[in-house]
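Structure first, then comments.
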Amino acid sequence: MERTQWYKGLVISLFLGIIFFVVNLMSHTAPVSMIIMKSLLVALTFGVLYTITFTLLASEQRRLQYGVPLVIGVALGALVGMKLEQPIICTLVGIAVALIAGYVYGRIKGVR
């Protein structure tokens, strides 16, 4: 991953964490320390997912291998999750299944 992409992910993660903190500070009665911890967790999670996604989809070959399954996995996971009232868990399961499907597709095609 390029250094500029790394910095972009860091800046977006920090910005998201700050926005999350401000919104929760205004709307919740939880202690400030709890809101800070949740904001850091959101920023860290987004940063890791951003880095993994753009590292995984860095080349055209990998975009073809993982791009379509990821879109389908996220969409189906979210739809099933809304029906089961667990959208986040089902979306994560959809992402995991999509990554496995992309890996299997790559193995079948002979791509590493």
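Last residue of the sequence shown: 114 in our numbering, with the numbers rising by one and none dropped.
Glycine included, C-beta positions come from ideal geometry on N, C-alpha and C.
Treat the numbers as computed from the prediction; the structure is a model and nothing was measured.
| message | Suppose you measure from the CA of G79 to the CA of L12; what does that come to, to the nearest Å? | response | Rounded to whole angstroms, the separation of the alpha carbons of L12 and G79 is 27 Å.
| field | Length of the line joining the Cα atoms of L66 and A32 | value | Each residue's alpha carbon lies about 44 Å from the other.
| message | Here's the rule I'm using: 16 or more other beta-carbon atoms within 10 Å means buried, otherwise exposed. How should T93 be labelled? | response | Burial call: buried.
| task | Return the residue from the list T47, L27 and L101 that minimises the CA-CA distance to I38. | result | Considering only T47, L27 and L101, the residue with the shortest C-alpha distance to I38 is L27.
| Can you tell me where the alpha helix (DSSP H) with I59 in it begins and where it stops? | The question names Ile, but residue 59 in the sequence shown is Leu. Where L59 is concerned, there is no enclosing alpha helix (DSSP H), given that its DSSP letter is neither H nor E.
| In three-state DSSP terms, what is P71? | Three-state DSSP puts P71 in a helix.
| task | Put G112 into one of helix, strand or coil per three-state DSSP. | result | It is coil, neither helix nor strand.
| task | Would you kindly work out how many angstroms separate the C-alpha atoms of L16 and Y9, rounded to a whole number? | result | Distance between L16 and Y9, taken at the CA atoms: about 11 Å.
| Exposure label - L72; buried when at least 16 CB within 10 Å | L72 should be labelled buried.
| F48 versus Y68, Y105, V106 and I14, residue with shortest Cα-Cα distance | It is I14 whose Cα lies nearest to the Cα of F48.
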